[in-house]
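Working notes, beginning with the structure itself.
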Amino acid sequence: MPAAAPGAHTTSPIRFKGRGVLSRGDHRVIVEGDVRNLVRKATRKITDEHRDLRLQEAGDAVAEAVTRTLMALGDVSWDNLRDTYADAGRLAEAMRDAAGDPASGLDERGRQLYELMVYPCAEQIVEYFTRNPEFGARVQLEIFRKLGELSELGDQVALSFEEIYREELSRLYRHTKLFGLALSEEDAEYPLDTAYVELSARAKVDRAEAEPQSQARGNPFESLLVAHHRVLLMGHAGAGKSTLLKMLTLNLCRDQLPEELQDWREIVPFPLRLRLFMRNGELELPVPETFPYQAVRMLKEMVPQRWAWNLLKEGRAAVLLDGIDEVPARCRRKVLDWLRELEETFPQARFIVTSRPAQELGDDQHILRRRGYVSATLEPMTPLQVDRFIDRWYGSARVTSADSDDRTDRAQSLKSALFKRRDLARLATNPLLCSVLCALNHVRTAELPRGRVALYKAALEMLLHNLDRERGVATEVSLSYVQSEEFLAGIAMWMTHNGRRTILVHDARNLVEDLLPRVRVNVPEHSERDTADLVLRRLVERSGVLQDDGDLIEFCHPSFQDYLAGIEVFRKNFLDALLRNWDDTLFQDVLIMVVGQQQREEGRQRAVLQGLISRAEAMADGARARRLWLLATACIADVDIVDPELAARIRSKTRGLLPPRNADEARGLATVGEFVVDLLAEAVDRRLPRGEQAIATVLTIRLIGGPQALGMLKRFREHPNELVRTELVRAWCNSDAPEAYATEVLAGMDLTGIPVTIQDPAYLPHLSSLSRLTDLEVTCPLTDVAELASLSTLRRLDLSGTSVTDLGPLAGLARLEELSLVDTPVADISPLAGLRRLRSIDLEGTGVRDVSPIAALTELESLNLARTHVESTHVLRGLPKLLIRGRSGWS
36 MPAAAPGAHT TSPIRFKGRG VLSRGDHRVI VEGDVRNLVR KATRKITDEH RDLRLQEAGD
96 AVAEAVTRTL MALGDVSWDN LRDTYADAGR LAEAMRDAAG DPASGLDERG RQLYELMVYP
156 CAEQIVEYFT RNPEFGARVQ LEIFRKLGEL SELGDQVALS FEEIYREELS RLYRHTKLFG
216 LALSEEDAEY PLDTAYVELS ARAKVDRAEA EPQSQARGNP FESLLVAHHR VLLMGHAGAG
276 KSTLLKMLTL NLCRDQLPEE LQDWREIVPF PLRLRLFMRN GELELPVPET FPYQAVRMLK
336 EMVPQRWAWN LLKEGRAAVL LDGIDEVPAR CRRKVLDWLR ELEETFPQAR FIVTSRPAQE
396 LGDDQHILRR RGYVSATLEP MTPLQVDRFI DRWYGSARVT SADSDDRTDR AQSLKSALFK
456 RRDLARLATN PLLCSVLCAL NHVRTAELPR GRVALYKAAL EMLLHNLDRE RGVATEVSLS
516 YVQSEEFLAG IAMWMTHNGR RTILVHDARN LVEDLLPRVR VNVPEHSERD TADLVLRRLV
576 ERSGVLQDDG DLIEFCHPSF QDYLAGIEVF RKNFLDALLR NWDDTLFQDV LIMVVGQQQR
636 EEGRQRAVLQ GLISRAEAMA DGARARRLWL LATACIADVD IVDPELAARI RSKTRGLLPP
696 RNADEARGLA TVGEFVVDLL AEAVDRRLPR GEQAIATVLT IRLIGGPQAL GMLKRFREHP
756 NELVRTELVR AWCNSDAPEA YATEVLAGMD LTGIPVTIQD PAYLPHLSSL SRLTDLEVTC
816 PLTDVAELAS LSTLRRLDLS GTSVTDLGPL AGLARLEELS LVDTPVADIS PLAGLRRLRS
876 IDLEGTGVRD VSPIAALTEL ESLNLARTHV ESTHVLRGLP KLLIRGRSGW S
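So for the sequence shown, my numbering puts the first residue at 36; every next one is plus one.
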């Protein structure tokens, strides 16, 4: 037997001697004989110290009671020591609890002796076991077990908190507000997923990594996340960047991601709005441990220690950083450094950053791309997306019963107006402006305004002009439209002047108080300080223009801040500062607004335009000069009144910037207006663009549209570059005149290998004009494929997700090589029997039971039978090239 260890030294040990101490040779257990030996020795020792307790007659009864107590748990073992944490007091208590009351028959002195003996005996037992040579090893093993249990408990706590976090984040994000209607708080909110319209994004990738058509084709934003865990998402003001992140957050919390994003199912989102971290002009960026309650403030005291850190480290978290362009330019490097530290500390985590377009983000975009971010730009909404948005806006507007009767008619009238008026259609390119148009269309009987500046002016008038009085709502303070605009413009200018998108409530209140002597607000029996509080509260709660987030206030959309700040530019002598900082995204839209607002003030408008021209002419030709000229061009795009000499100089210089060199420049030019089409026509006449310039030119024309667009696009139909022809196809899929486009542009064009996606049933009848179509995907509702019967050149057809049942019309598509019918109700595939070139058939999720009709298709290489009712594939044994997927045991 190994030598005894030193023991825990909790008491002077009583030596266990004799054969009974380690009965059965097991030195890890103290049996009854050992206990009786211990009790005898303990009795002698204690009665030597307490002679008055030497009991002649009752001594054996006391010893028996102590023995029964010590043996109440059975043979004393290591397990008893472990369960009581090797604590003599806990061990004694456990033994007494198990024994009941063995001292009940003892007299008073017997009870005293009993009480004095139980604890020392327990102490001796602890000492004995801790002297055992195996004690250290057993303790270490038990520590590891306990750590494991604690870890499991920690995991359970983390999982429990994760459920709470997802639920609370979902609660915060599941509703959004319906812009522009004077509704109650309850009616103004509607489910985000009800009104959300899927947006497309175009990724900018290295040509070596791109698929042939991927550089010219936009895809749903979610598809970018399949291959990329770091995304820089760009788009103009109102393009839907923030809403898209909200929808992604909601889908992550609810586990409602599309099938292709299964890799994201376990991801926990941390949405962070950068502008909320600006405090007193300084940027205070959060540390990872605070991410959960930056998103959900009420959870601050509940976050388990290191919860966010562990998720980020394990690659189970996504940081959704909204608005890197909304912090002052001087602070952006600080953001990039902070972001790099996060990336290096948590290399497995996922990051999505949103910003204004690349030309406004400058070198920051290239820095992020070098760090593994894919750049993607939100595409302008297509006519189909605009129509869907209008339908959903009106479907979500819970207005009075009288209004609800004609919602369909109002929606249709707006669609008709957009079809007839190019100026309106050119504005309806993003969710914000579509919301403004819907709201104005709903409350106005007159014609909708012309131009962006006029649109914002009309929207503000609608929101601010005596809404409370019109609805019969009594308030402590009543503000006219002029008064409300004055206060809001003052707040907007202060925020813009200080390079911010948020303002502290305290600062906003001070601004309102400073304006009160000039803006006469009648609030009896209130001090100016109290009046300022009332005015600010009304603007936040009732105007629909401001919103608060804790101690911060912001405009419901930055574009309203830009418009209102523009009103103050000349009154506050801010023009020089605007011009000096023209390349800061916080100031560019303000400049555009100012030119539109000053159409009747020739001198002021001229000062803005001349300032831009002078700076551009002083620069050497380069990227910054091009951006400045494009900014000047954008300033005059929507104005009806402008100095002809200045406009001619700007347009002349714009002509020299054509054709656009890339997609970013194309989008910038598209915002300028239809006159660019004339300039592009001249450039194309001189020399047909090649490569990326050709793609960018087609993109520009597509985005501008108008009556000249078809004639211009027709010039590119024979272009040798497949990417250019792909862009032409995309232009058709977004066209509001599909028949004319199909017959004038696409008829006879080589479409080999170029995918055509049909999202609107109105395009189906015109597919017959595409005489060289090879690759077709239909994503719109479809039950009858008769209109596809004449597409004899088709090689690939994807009908997944449609309601097609009868494949008979496809029997004549002799060149078909790939067919996908995933999740369709198709049950009979006999019409495919004669399609000898078929190499791939995907029947996943169909009602097919019998595959014998395709038993003679000797070129068949791939067949997916997952989630079908096919029981036997023996009839396919004669197909030498065939690989069957989705059927366990078959190949």
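Don't be surprised by glycine CBs; every beta carbon is placed ideally from N, CA and C. None of these values were measured; they are calculated from a predicted model.
Which listed residue (Val161, Phe386, Leu599) has its alpha carbon closest to that of Tyr491: Leu599
Secondary structure, alpha helix (DSSP H): runs of 4+ residues fully inside the stretch 438–503: 442–455, 457–462, 466–478, 487–499
Own chain partners of Gly924 with C-beta closer than 8 Å, once the 5 adjacent residues on each side are dropped: Only weak support is given to the placement of Gly924: the predicted model assigns it a pLDDT of 42, under 50, and the question is left unresolved by the model.
Nearest neighbour of Arg144, chosen from Leu296, Arg117, Leu88, Leu108 [CA to CA]: Leu88
As assigned by DSSP and simplified to three states, the class of Phe381: coil
Those runs of the beta strand (DSSP E) which lie wholly inside the stretch 267–341 and span at least 3 residues: 303–308
Sequence-distant residues of its chain with Cβ nearer than 6 Å to Phe622 (five each side left out): Leu613, Asn616
Buried/exposed call for Gln633, threshold 16 Cβ in 10 Å: buried
Whole-angstrom distance between Arg351 and Asn115, CA atom to CA atom: 42 Å
Local conformation of Phe609 per DSSP, three classes: coil
Residue burial classification, Arg722 (beta-carbon count within 10 angstroms, cutoff 16): exposed
Gly407 versus Ala262: straight-line alpha-carbon distance, rounded: 12 Å
Inter-residue spacing [alpha-carbon to alpha-carbon] between Arg341 and Glu324: 6 Å
The stretch 562–574 contacting the stretch 594–609, beta-carbon criterion three pairs below 8 Å: no
Extent of the continuous alpha helix (DSSP H) run through Val643: 637–653
Same chain, Cβ closer than 6 Å to Ile730, neighbours up to 5 away in sequence not counted: Ala251, Leu758, Val759, Glu762
Pair within 9 Å by beta-carbon distance, Leu805 and Ala775: no
Bridge partners - Gln582, DSSP secondary structure assignment: Glu589
Same chain, Cβ closer than 7 Å to Arg684, neighbours up to 5 away in sequence not counted: Ile648
CB contact below 9 Å: Ala658 versus chain D: In the displayed structure, chain D is absent; only one protein chain is listed.
Leu499 burial status per 10 Å Cβ neighbour count (16 or more: buried): buried
Cα-Cα separation between Leu817 and Pro796, rounded to whole angstroms: 8 Å
Ala21 - DSSP class collapsed to helix/strand/coil: Outside the modelled stretch of the chain, which goes from 36 to 926, sits residue 21, for which no answer is possible.
Whole-angstrom C-beta distance between Leu514 and Val570, which should lie under 8 Å: 7 Å
Span of the alpha helix (DSSP H) around Asn72: 67–84
contact_flag[the stretch 362–382, the stretch 312–329] where n(CB pairs < 8 Å) is 3 or more: yes
Cα-Cα separation, Asp785 to Glu727: 19 Å
Short Cβ contact (9 Å threshold) for Glu280 with Leu309: Glu is not the amino acid found at residue 280; the sequence shown has Leu there. Going by C-beta atoms, Leu280 is not nearer than 9 Å to Leu309.
Inter-residue spacing [alpha-carbon to alpha-carbon] between Leu911 and Leu845: 22 Å
Alpha carbon of Asn167 to alpha carbon of Arg63, nearest angstrom: 8 Å
For Asp785, three-class secondary structure by DSSP: coil
Strand pairing of Pro226, partner residues [DSSP]: His210
Simplified DSSP state of Arg702, which is helix, strand or coil: helix
Alpha-carbon to alpha-carbon, Pro800 and Leu449: 25 Å
Cβ contact (3+ pairs, closer than 8 Å) linking the stretch 295–309 and the stretch 267–274: no
Boundaries of the alpha helix (DSSP H) in which Glu128 is found, first to last residue: 123–134
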